[in-house]
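Under full-length UniProt numbering, think of the first position of the sequence shown as 1, with each following residue one higher.
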Amino acid sequence: NNVEYTTAVQADGSWSVGVTAAQVSAWPAGTVNIAVSGESSTGNPVSITHPVTVDLTPAAITINTIATDDVINAAEKGADLTLSGTTTNVEAGQTVTVTFGGKNYTASVASDGSWTATVPAADLAALAEGSASAQASVSNINGNSASAVHNYSVDSSAPTIIINTVASDNIVNASEADTGVTVSGSTTAEAGQIVTVTLNSPTVQTYQATVQADGSWSINIPAADLEALTDGSHTLTATVNDKAGNPASTTHNLAVDLTVPVLTINIIAGDDIINATEHGQALVISGSSTGGEAGDVVSVTLNNKTYTTTLDASGNWSVGVPAADVTALGSGPQTITASITDAAGNSDDASRTVTVNLTAPTIGINTIATDDVINATEKGADLQISGTSNQPAGTTITLTLNGQNYTATTDAAGNWSTIVPASAVGALGEASYTVTANVTDSAGNSNSASHNVQVNTALPGVIINPVASDDIINAAESGVAQTISGQVTGAAAGDTVTVTLGGKTYTATVQGNLSWSVDVPVADIQAIGNGELTVNASVTNGVGNTGSGSRDIVIDANLPGLRVDTVAGDDVVNSIEHGQALVITGSSSGLAAGAALTVVINNVTYGATVLADGTWSLGVPAADVGNWPAGTVNITVSGATSAGNPVTITHPVTVDLAAVAISINTVSGDDVINAAEKGADLTLSGSTSGVEPGQTVTVIFGGKTYTATVAGDGSWTTSIPAADLAALRDGDATVQASVSTINGNTASATHAYSVDATAPTLTINT
1 NNVEYTTAVQ
11 ADGSWSVGVT
21 AAQVSAWPAG
31 TVNIAVSGES
41 STGNPVSITH
51 PVTVDLTPAA
61 ITINTIATDD
71 VINAAEKGAD
81 LTLSGTTTNV
91 EAGQTVTVTF
101 GGKNYTASVA
111 SDGSWTATVP
121 AADLAALAEG
131 SASAQASVSN
141 INGNSASAVH
151 NYSVDSSAPT
161 IIINTVASDN
171 IVNASEADTG
181 VTVSGSTTAE
191 AGQIVTVTLN
201 SPTVQTYQAT
211 VQADGSWSIN
221 IPAADLEALT
231 DGSHTLTATV
241 NDKAGNPAST
251 THNLAVDLTV
261 PVLTINIIAG
271 DDIINATEHG
281 QALVISGSST
291 GGEAGDVVSV
301 TLNNKTYTTT
311 LDASGNWSVG
321 VPAADVTALG
331 SGPQTITASI
341 TDAAGNSDDA
351 SRTVTVNLTA
361 PTIGINTIAT
371 DDVINATEKG
381 ADLQISGTSN
391 QPAGTTITLT
401 LNGQNYTATT
411 DAAGNWSTIV
421 PASAVGALGE
431 ASYTVTANVT
441 DSAGNSNSAS
451 HNVQVNTALP
461 GVIINPVASD
471 DIINAAESGV
481 AQTISGQVTG
491 AAAGDTVTVT
501 LGGKTYTATV
511 QGNLSWSVDV
521 PVADIQAIGN
531 GELTVNASVT
541 NGVGNTGSGS
551 RDIVIDANLP
561 GLRVDTVAGD
571 DVVNSIEHGQ
581 ALVITGSSSG
591 LAAGAALTVV
601 INNVTYGATV
611 LADGTWSLGV
621 PAADVGNWPA
631 GTVNITVSGA
641 TSAGNPVTIT
651 HPVTVDLAAV
661 AISINTVSGD
671 DVINAAEKGA
681 DLTLSGSTSG
691 VEPGQTVTVI
701 FGGKTYTATV
711 AGDGSWTTSI
721 PAADLAALRD
731 GDATVQASVS
741 TINGNTASAT
751 HAYSVDATAP
761 TLTINT
């Protein structure tokens, strides 16, 4: 390099020269020739040139990223680790020395300058947590060397991750699902790491969150995903890797209950109306729920008070409202609200309006039988009882008389009436009775009214004094007015006495001493003519009962006239005779044989002829008799005397069509005659209506006939001797009873009974 150096040859022929470092460093890269010259011992010059290569290209080595991120995590710590790198200006085959974790490992430089070395897992397992460095060195053939250091760390501790309570109670209910739910938690992984959350819904849903500086994380599960879930248990899984790649995961059970319970309230108090009676009683409010579970709490609020209960296993519920709370309710509508919340927080509510109606209906009973007295005539007929109420049309009225109930219905004006049948009226005794009418409005409020009615069927009596002192009106007496007089019983001063004589009617007023009298004019007496006739007198007392009396008299004054004989044997046509033909007969005085008579009955005219003996007769067809109305029917007969003077007589006949009834009470208490009853006398009883006291009841029992007498109240009783009962056979039988009124109207009844005198048998098993 243009620098000369001198030296001497040594005895052994060697030589050397020193070149300073500075001089060497000045050598240029490439070939540097070393030229040596000298002389031989003979003095001949000698020289040689020796080329030296100056290699100044530096060698280099690198270490690649360790474990992909220069962090050895737990997973990587458990497996062999490959360390690698590259070299430059290093020949293939050169050895790379690697120091890692306090141990040396070697590698060979590949043809591309790369190198790799493997650190066994066993060596990795001994690595301590924390930062460290790996060293690698290499030399090329020319001796140029290189080394490198690479920092890494060991982080094999896994992070932690937790999921916080979801939806405050780990249960997602319907309302929470409607708005979406936030799932949150925390982790020890580094900020910025990604948390992945999965939800095992019908299709697995995945959500991601970023770890915050404080380690928290959160995701939102949208409503659509939640509403797709089925009720039941679901699992949330959260996973995270720390920067070292160490994973952490956790699971969290999540209950989903999207079924909202549906609450209903049953009808309150039967009709959603609390009436006056219910207003003083405890009240049960009940209902049911679908979608709820046993034990779910139901809260009921009424009048600002709350009552709680729970669903039973069938989904039903009820609460009791104390009587004091019910009484505190004011009139008018009251709202009952009920709410239910299940364990998941799903809730529903319901309401029902109940009306408090404390106003009692009104009811009244009108005067009964026009004067609040049931007389003898009225006792034999149906009785109408009527009244008024403020209730709407169709409301039922219950009427009670003598222990029997009858019903009526209000009309549009609130009026009502019912009929008590004649048989029930006839069963009433001579006493005062209270008629009670009850009404209940649509709210259940009831009210009643009572009304007294008196039963008085005692008939007054009429006595007729002798007429003309001897009941014979002679010629002299026929020329003056005649006084007919008498007395009454069971009537009072001021009552009217009606007297009939010869077809004419006269009236008198009862005096203070209960006497009465009428005057019959001369013309009326002479118009009657000779013959026998009857004076009839009747009186009706203050309660409407009518009594009568009669007296037979004779006119013996050689006067012409007509007579009508007693019709149907008693001048009464009863219900049987009302359907039969009748023969009307009579007599005459002063009329020529063959004289024509005109007879008018019920506006029907008939003809008759006077016979040689003065008698006459005519037949009235059954159809005509059947048309005669109940009450008095007059038979008017008219003709002319031999002298051509007109004569007329009117004969009243009573048509009695009043209904007659008889009933037989239960026999022996239960219509069964047992052995004990068969050994004692048996009383048979019953009642009649439209039958006068004292009439005979004929009873046929067990093939024998017995009699009883109708009492003042229409009842009857007869006794069957034990001896007769003893002859009865076991089995079914019938008792018959029949009765007739004074006027001949009849009624009959039957009643079934049985005889069972055979004792049962009883055995005791072994």
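Even for Gly, the Cβ is constructed at its ideal location relative to N, Cα and C.
From a predicted model like this one, the values you see are computed outputs, not experimental measurements.
Check: Classify Val572 as helix, strand or coil using the three-state DSSP reduction.; Outcome: strand
Check: Inspect the beta-carbon positions of Ala191 and Ala213 and report whether they are closer than 8 Å.; Outcome: yes
Check: Just verifying my parser: in three-state terms, what is the DSSP assignment at Thr57?; Outcome: coil
Check: On the DSSP bridge assignment, give the partners of Glu532 in chain order.; Outcome: Val554
Check: Gly529 and Ile555: beta carbons closer than 8 Å?; Outcome: yes
Check: Please work out which residues of its chain come closer than 8 Å, Cβ to Cβ, to Asn1, disregarding the five sequence neighbours upstream and downstream, and give them in chain order.; Outcome: Gln23, Ala26, Trp27, Pro28, Val32
Check: Name the residue from Ala592, Ile267, Tyr606, Leu459 whose alpha carbon lies nearest to the alpha carbon of Ser548.; Outcome: Leu459
Check: Is any heavy atom of the ligand MN found at a distance shorter than 7 Å from the C-beta of Ser186?; Outcome: The ligand MN is not part of the structure shown, which contains no ligands of any sort.
Check: If Ala443 sits next to Ile273, beta carbons under 8 Å apart, how far is it from one beta carbon to the other, in whole angstroms?; Outcome: 4 Å
Check: Taking Cβ positions, are Thr97 and Thr106 nearer each other than 8 Å?; Outcome: yes
Check: Using DSSP's beta-bridge definition, name the partner residues of Val699.; Outcome: Tyr706, Ala737
Check: Which residues in the same chain have their Cβ closer than 6 Å to the Cβ of Glu378, if we skip the five residues on either side of it in sequence?; Outcome: Ala369
Check: What residue range is occupied by the uninterrupted alpha helix (DSSP H) comprising Ala103?; Outcome: It is worth fixing the name first, because residue 103 is Lys in this sequence and not Ala. Counting along the chain, Lys103 falls outside any alpha helix (DSSP H), though it belongs to the beta strand (DSSP E) covering 103 to 108.
Check: CA-CA distance, Lys77 and Ala189?; Outcome: 19 Å
Check: On the CB-based measure, 16 or more other CB atoms within 10 Å of its CB, does Thr165 come out buried or exposed?; Outcome: exposed
Check: Whole alpha helix (DSSP H) runs in the UniProt domain "Bacterial Ig-like" (168 to 257) with 4 or more residues, listed along the chain?; Outcome: 174 to 179, 223 to 227
Check: Start and end of the alpha helix (DSSP H) containing Thr377?; Outcome: 376 to 379
Check: My understanding is that Asn405 touches Leu399, with C-beta atoms under 8 Å, so please give their C-beta distance in whole angstroms.; Outcome: 7 Å
Check: Hey, is the segment 245 to 254 in contact with the segment 300 to 313, meaning 3+ C-beta pairs nearer than 8 Å?; Outcome: no
Check: Quick one: residues in its chain with C-beta nearer than 6 Å to the C-beta of Thr388, no 5 flanking neighbours on either side, listed in chain order?; Outcome: Gly364, Gly414, Asn415
Check: With a 10 Å radius around its C-beta and 16 neighbouring C-beta atoms as the bar for buried, classify Pro361 as buried or exposed.; Outcome: buried
Check: Could you spell out the range, first to last residue, of the beta strand (DSSP E) harbouring Gln487?; Outcome: 482 to 489
Check: Run through DSSP, which three-state label would Ala424 get?; Outcome: helix
Check: If you reduce the DSSP assignment to three classes, tell me which class Asp624 lands in.; Outcome: helix
Check: Is any beta-carbon of chain D found at less than 8 Å from that of Ser738?; Outcome: Protein chain content of the structure displayed is limited to a single chain, and chain D is not contained in it.
Check: Is it right to say Val653 is buried, meaning 16 or more other beta carbons lie within 10 angstroms of its own, or is it exposed?; Outcome: buried
Check: Express the C-alpha separation of Leu559 and Ile463 in angstroms, rounding to a whole number.; Outcome: 28 Å
Check: Over the uninterrupted beta strand (DSSP E) stretch that includes Thr327, give me the two end residues.; Outcome: No beta strand (DSSP E) holds Thr327; the alpha helix (DSSP H) holding it covers 323 to 327.
Check: Within a Cβ cutoff of 7 Å, which residues of the same chain sit near Lys103, ignoring the five residues on either side of it in sequence?; Outcome: Asp123
Check: Count the other C-beta atoms from every protein chain shown that fall within 10 angstroms of the C-beta of Trp15, then say buried if there are 16 or more, exposed otherwise.; Outcome: exposed
Check: Give the DSSP-derived three-state secondary structure of Glu39 in the structure shown.; Outcome: strand
Check: What does the Cβ neighbour count give for Gly579, buried or exposed, with the cut at 16 atoms within 10 Å?; Outcome: exposed
Check: For the alpha helix (DSSP H) containing Leu725, name the first residue and the last one.; Outcome: 722 to 726
Check: Using only CA atoms, which one of Thr396, Gly292, Ala527 lies nearest to Gly315?; Outcome: Gly292
Check: Please report the straight-line C-alpha distance between Asp348 and Ala174, rounded to a whole angstrom.; Outcome: 11 Å
Check: Go ahead and pull the three-state DSSP assignment for Thr367.; Outcome: coil
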